[in-house]
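In our numbering, the protein residues as written are 5 to 225.
Quick reminder that beta carbons are idealized off the backbone N, C-alpha and C, glycines included.
Treat the numbers as computed from the prediction; the structure is a model and nothing was measured.
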């Protein structure tokens, strides 16, 4: 069966007559609808990046693997059977982070095996998949260098600092505040990468934020 890849990635890629690949910058969405023409123009320009057709083909294959994994985990029960567990810092209205401990500890990147999934509880308390597949590598495993993940320069790895764990709501908080709440401060949570393949995200396939207007999706910084 053929599998479609999220078009929000491919439609941002253009191939020039000389065979070079150009990508439209992220950040073009309804949030900047009131910007003037020069501001919009600056964001709308395409920038050149070094990526061959072969690499682009490989990246699309990698995204197919991500999509297959995401399709499997639409049902939270499939995630639980595979070994994912929900984090303790779940609060109403915020996404639930489901971690796979074995994958977190192996220190390797595999597009077919994400380390984390994000679900949102509906009014009946049922977990609904947000569509965010998340890859994680601890800093102690890969150091300060941007991890080698997907082919090409488009994957948006990022870090979280002063994350307060084991308290309702979680999120980022000063160490003293986290301690007062009975939480545990993780000064550096390691490298994280979000990938959106089940639905179009105008902020980008590799955006750490979810589609605008979708509550609970992605991270809030």
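Cβ shell of residue i (< 6 angstroms), same chain only, five flanking positions each side left out
i: residue 78; result: 133
i: residue 124; result: 99, 132, 134, 220
Alpha-carbon spacing of residue i relative to residue j, whole angstroms
i: residue 177; j: residue 57; result: 44 angstroms
i: residue 183; j: residue 60; result: 46 angstroms
i: residue 209; j: residue 122; result: 15 angstroms
i: residue 149; j: residue 163; result: 11 angstroms
i: residue 187; j: residue 198; result: 25 angstroms
i: residue 165; j: residue 102; result: 19 angstroms
i: residue 153; j: residue 145; result: 14 angstroms
i: residue 8; j: residue 185; result: Confidence is the limiting factor: at residue 8 the pLDDT is only 43, short of 50, which leaves the residue's position unreliable, though a coordinate-based value still follows. Roughly 45 angstroms separates the two Cα atoms.
i: residue 35; j: residue 65; result: Unreliable placement is indicated for residue 35, whose pLDDT of 34 sits below 50; the coordinate value is still reported in the next sentence. Roughly 31 angstroms between the two C-alpha positions.
i: residue 126; j: residue 213; result: 20 angstroms
Beta-carbon proximity of residue i to residue j, cut-off 9 angstroms
i: residue 147; j: residue 63; result: no
i: residue 106; j: residue 129; result: no
i: residue 67; j: residue 201; result: yes
Nonlocal neighbours in the same chain, by C-beta distance under 8 angstroms from residue i, ignoring five residues either side
i: residue 116; result: 69, 70, 72, 73
i: residue 189; result: 166, 167, 168, 169, 177, 179, 182, 183
Whole-Å CB distance - residue i paired with residue j, under 8 angstroms assumed
i: residue 118; j: residue 137; result: 5 angstroms
i: residue 203; j: residue 215; result: 7 angstroms
i: residue 111; j: residue 143; result: So it is not a contact: roughly 11 angstroms between Cβ atoms.
Closest by C-alpha distance to residue i, when choosing among the options
i: residue 80; options: 65, 66, 162, 104; result: 104
i: residue 140; options: 130, 149, 161; result: 161
i: residue 99; options: 120, 158, 65; result: 120
i: residue 158; options: 211, 75, 126, 167; result: 211
i: residue 135; options: 55, 65, 76; result: 76
i: residue 168; options: 65, 83, 91, 107; result: 91
i: residue 83; options: 189, 213, 131; result: 131
Neighbourhood of residue i by C-beta, 7 angstroms cutoff - its chain only, sequence neighbours within 5 removed
i: residue 37; result: Since pLDDT at residue 37 reaches only 32, below the 50 mark, its modelled position is unreliable, and the value read off the structure follows with that caveat. Correct list: empty, nothing qualifies.
i: residue 151; result: 113, 141, 161, 195
i: residue 85; result: none
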